[in-house]
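What follows is a short report on a single structure.
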Amino acid sequence: MTNAIDALPLWLSGLVAIFLVCGGLIVLIGGLGLLRLPNFYQRIHAPAIAITFGAGSILIASMLYFSALEARPVIHELLITVFIFITAPITSMLIMRAAVYRELQEGKVNYVKQGRQSSHAEE
Amino acid sequence: MSSLLLYAIGFTQLCILLAMLFCTIRLLLGPSAQDRILALDTLWMCAMLQALMMGMRFSNGVYFELALLIALTGFVSSIALAKFLMRGEIIE
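And the structure:
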């Protein structure tokens, strides 16, 4: 395995490393946002950045790496990319709809009252 | 040059591992059920990325199929859990 990694040229491994570090940092920021943000509706934004930008850059890095390793274009990582980009909005929309439904049923949120008092309600 | 790529792979795996840890904490202490389902969905995604990173570390193409399977299973399970949260049952 070490021989295969050694065979890569320097500029290509640098490019792959840049994509990897960017993706890892973005995934870390997404996880931190999921932990730290105060409200559920703010919290649902945090994994979206990890899914789109983080997974996107890691998949690009994987594509470049395997293309260079096998000396032919390896693009089957695009399958995961397309699948994630199609399914992630569906999942988050369904979870958000379920959350709104549950909170309406519990009586925590009242549409009319919140709309009227939104000028001097801080939350 | 090989050590550069190995360090980058190790750093990325550490970042994804920390993100998985944060998701687990949110999964354990999430105030409501929808928080827990959101954390579980993100945990599936991080596991998929971790499988891809293992494939890059060992230069093995088998991990790609593992990542694809994890993505598929995670999508189905998240949809089923969201439907259960909405309706109280999955197949009506």
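Chains as they are written, first to last, in our numbering: chain A, -7 to 115; chain B, 568 to 659.
Backbone N, C-alpha and C define an ideal beta-carbon position, used for all residues, glycine too.
Only a predicted model underlies this, so the values are computations on that prediction, with no experimental measurement involved.
- Against chain B, the beta carbon of residue 43 (chain A) has neighbours under 7 Å at 612, listed in chain order.
- DSSP assignment within the region 23 to 78 of chain A yields the following whole alpha helix (DSSP H) runs of 4 residues or more, N-terminal first: 32 to 35, 38 to 41, 47 to 62.
- By the 16-neighbour rule on beta-carbons within 10 angstroms, residue 46 (chain A) is buried.
- For the region 84 to 95 of chain A, residues whose beta-carbon sits nearer than 7 Å to a beta-carbon of chain B comprise 86, 87, 89, 90, 91, 93, 94.
- Sorting A:61, A:70, A:67, A:80 by C-alpha distance to the C-alpha of residue 1 (chain A) places A:61 at the top.
- Secondary structure at residue 604 (chain B): helix, using DSSP grouped into helix, strand and coil.
- Cα atoms of residue 32 (chain A) and residue 602 (chain B): separation of roughly 7 Å, rounded to the nearest angstrom.
- DSSP places residue 0 (chain A) outside both helix and strand once states are collapsed to three, so it counts as coil.
- For residue 632 (chain B), the uninterrupted alpha helix (DSSP H) run begins and ends at 629 to 654, by DSSP.
- Residue nearest to residue 80 (chain A) within the set A:41, A:55, A:96 is A:41 (criterion: CA-CA distance).
- Rounded to whole angstroms, the separation of the alpha carbons of residue 653 (chain B) and residue 22 (chain A) is 25 Å.
- As the crow flies, the alpha-carbon of residue 597 (chain B) is around 23 Å from that of residue 616 (chain B).
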